[in-house]
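Structure first, commentary second.
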Amino acid sequence: MHNIYLRVIILLWLSWLLTIPSIAEDSSDTAIFQPATEVTETVASTEPTTIDTLTSLLTQKTLIDKEIKALSGLLKSATSDSEKAQLNLDLADKVKEAQDTATNIENLAASTDISILRSVKEETFNFEREFFSLLEPTLKEMNHLTSDVRAKAELRERIEFVNKRIPVVKTAIENTKQLEAEAESGELKSHLSKLKARWQQRLDSLETERSAATLQLEKYILDEKIREENAPSYLKTFFQKRAWVLLKAVGALLLILLASKLVHRFLTLTLKGYQKENRSVRFRVIDLLHRTVTIILTVLAPMLVFYLFEDWVLFTLSILLLIGVAFSLREAIPRYWHQIEIFLNIGSVREGERILMDGLPWEVKNINLFTTLYNPRANLTKRVKLRELTGLNSRPCHTNEPWFPCERGDWVILSDGTRGKVIGISLELIELIQRGGARCTYTLSNFLDASPQNLSLNFRIKELLGISYNNQKMVTTEAPAKLKAYLEKRLTDENYDKILLNLNVEFAKANDSSLDLVVIADFKGDAADIYNRLRRTLQRYCVDAASEFDWEIPFPQVTFHNSAIA
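Below is the structure:
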């Protein structure tokens, strides 16, 4: 309840903020608060009538026509080309002014828009011209902002340009003086004197130009210091003028976000199942429309504020920013369309199905801007962005499908022979602890590549016993039965029968030096931690049985056959 009250208070504050007038209001605007009768009487007494306006315009046109006639006479009597060019420009301006005045007289006399009667062909749309007209307010503002800086830079360049040439001219004058003193011919002296005078004139011109540029530069610097001392800088003034406009734009943006939050809360409370994990397509479409409208209004709200308060610089900048974003999104639209399909749960990846990502199967729990993936066997959860699902495909999963080779607490044997208990499973590392406390750590990919064999459900041990060929008659019949009975008795005596599931002894093969019997023992997964102990125990029982039944256990023999050399 307190949150609702707080939101209402913020909403009222933002509404009041958007109605606050700008700081830079003209003093003439205070006339709005005068009584209506006074305003009406003032307007009635000062507003000119149509006849008065037409009379004024006609008088103005008569004066312009006289000026045009005078300029035409001057143009005929002009002799120089520069004078004719200037008179032509002035005459064109006056003709344009006379045409505009005549058009105003026609429109005012007709009291309607008669532009449609003029057979003027409409101009074709020119994107380049319209684009630069849109940029014009910002360019003018930036031009005005940097005018002083550019003027000072030009003056410094001009001073540097002149300073490089003055020493050259002075050297030329000195050399000319020296030559004039050494010359004997009167004609040569006269020529050198004229040349020296010309160089002196050039020096005076350069020094004058340097003095003028230096004075102008000093004036710019002095004016800049005065402005800094007596008035705020242009940048400060620039942002002060737009402070309220920017504040109102931010207020409009916050208002849109607050309204979006309230609408989302309303949809959540009104539509049952709107925020469930497995939502219907209808709810997803509503959610997508809500997000889309919020984004559009978030972009347009500040632009609307700039437009209403006629801040064309900020409005132009926002338009340019919007155009830049549109161009950058041009190639991304197909990818976003696939993301929209996935968001609506009608794409290649769907909720409740199985997906393979980063070498591991996942269940798609819920699809949103951030999608949750879950591996039930490893108890791993992964949150991915919606765009990471593009290009992937999910499929329905069945009950008995494997998700991960093991769980925490399982005993496994890897292909490299490492045996241990799984004590840690994460998206990055798998940790095993061996008998004795040693720990082994594998990356997830390396662990899966090692093809772990899980012993925790149940497991089988196979051990071989080789006896000599002296027992060939009984090795396939009597020997397996005797060995099995002996092993069952020994396992029962040492309480291994509680974990034994099955025991069998069979003839395996006739080896080079022995006849091999294989002992096949299946044990419960509870005994996985003593896997190697059980293997050693079965080997011990087999040796004891061979001693009990007087079976010779041969060792591998190598026979060398030497043929006689002729």
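Just add 1 to wherever you are in the sequence shown, counting from 1, and you've got the numbering used here.
Think of the CB as a built atom: it goes at the ideal place given N, C-alpha and C, for glycine as much as any other residue.
Contact between ALA522 and ILE462 holds, since their C-beta atoms are separated by about 5 Å, short of 8 Å.
In this model, ARG285 and ALA439 are separated by some 51 Å (Cα to Cα).
Under the three-state reduction of DSSP, ALA528 is assigned to helix. The segment 445 to 453 and the segment 412 to 426 touch, with no fewer than 3 CB-CB distances between them shorter than 8 Å.
Excluding its 5 nearest sequence neighbours in each direction, LYS197 has C-beta neighbours in its own chain below 7 Å: ILE174, THR177, LYS178 and GLU181, listed in chain order. Inter-residue distance for ALA511 and CYS543 is about 18 Å (C-alpha atoms, whole angstroms). Taking 8 Å as the cut-off, the Cβ atoms of LEU72 and ASP53 do not count as close. Contact annotation: ILE160 and THR104 have beta-carbon atoms that are not nearer than 8 Å. If you draw a straight line from the Cα of GLN540 to the Cα of ALA509, it is about 16 Å long. In this structure, LEU387 keeps its C-beta atom at 8 Å or more from the C-beta atom of PHE328.
A straight line joining the alpha-carbon of GLU464 with that of PRO362 spans about 36 Å.
In this structure, the beta-carbon distance from LEU518 to ALA480 falls below 8 Å. C-alpha of TYR470 to C-alpha of ASN376: approximately 55 Å in a straight line. Burial check for TRP200: the Cβ neighbour count within 10 Å reaches 16 or more, so the residue is buried. Between the alpha carbons of ARG283 and THR295 lies a distance of about 18 Å. Counting C-beta pairs with one atom in each stretch, the segment 218 to 225 and the segment 181 to 191 have fewer than three that are closer than 8 Å, which means they do not touch. For the segment 67 to 93, there is no continuous beta strand (DSSP E) assignment of 3+ residues that stays within its boundaries.
Straight through space, the alpha carbons of ILE531 and THR493 are spaced by roughly 17 Å.
Annotation: ILE426 is outside any alpha helix (DSSP H); the continuous beta strand (DSSP E) that includes it extends over 420 to 426. Around the Cβ of ILE468, a 10 Å sphere holds 16 or more other Cβ atoms; the residue is buried. Apart from the 5 residues on each side of it in sequence, ILE167 sits with its Cβ closer than 8 Å to the Cβ of LEU204, LEU207, GLU208 and ARG211 in its chain, given in chain order. Residue range 244 to 271 is occupied by the alpha helix (DSSP H) that includes GLY252. In this structure, the straight-line span from the alpha carbon of THR391 to that of ASN380 is close to 25 Å. Beta-carbon to beta-carbon, SER395 and ARG355 are separated by about 6 Å, close enough to satisfy the 8 Å threshold.
The beta carbon of LYS97 lies closer than 7 Å to none in the same chain, with the five residues before and after it left out. Bounds of any alpha helix (DSSP H) do not take in ALA511; it lies within the beta strand (DSSP E) bounded by 501 to 511. The shortest C-alpha to C-alpha distance from GLU155 to any of GLU107, SER191, SER194 and GLN217 is the one to GLN217. By the criterion of a C-beta distance shorter than 7 Å, PHE405 is surrounded in its chain by ASN376, ARG378 and ALA379, once the five residues flanking it on both sides are discounted.
Ranked by how close their Cα comes to the Cα of VAL476, the residues PHE550, THR60, PRO403 and GLU408 have PHE550 in first place. Boundaries of the beta strand (DSSP E) around ASN459: 459 to 468. Here VAL506 is not near LEU535, since their CB atoms are 8 Å or more apart. A residue is called buried when at least 16 other Cβ atoms come within 10 angstroms of its Cβ; ASN346 meets this threshold and is buried. Under DSSP, SER395 shares a beta bridge with ILE356.
From the listed residues LEU309, ASN459 and THR50, the smallest Cα separation to ILE500 is found for ASN459.
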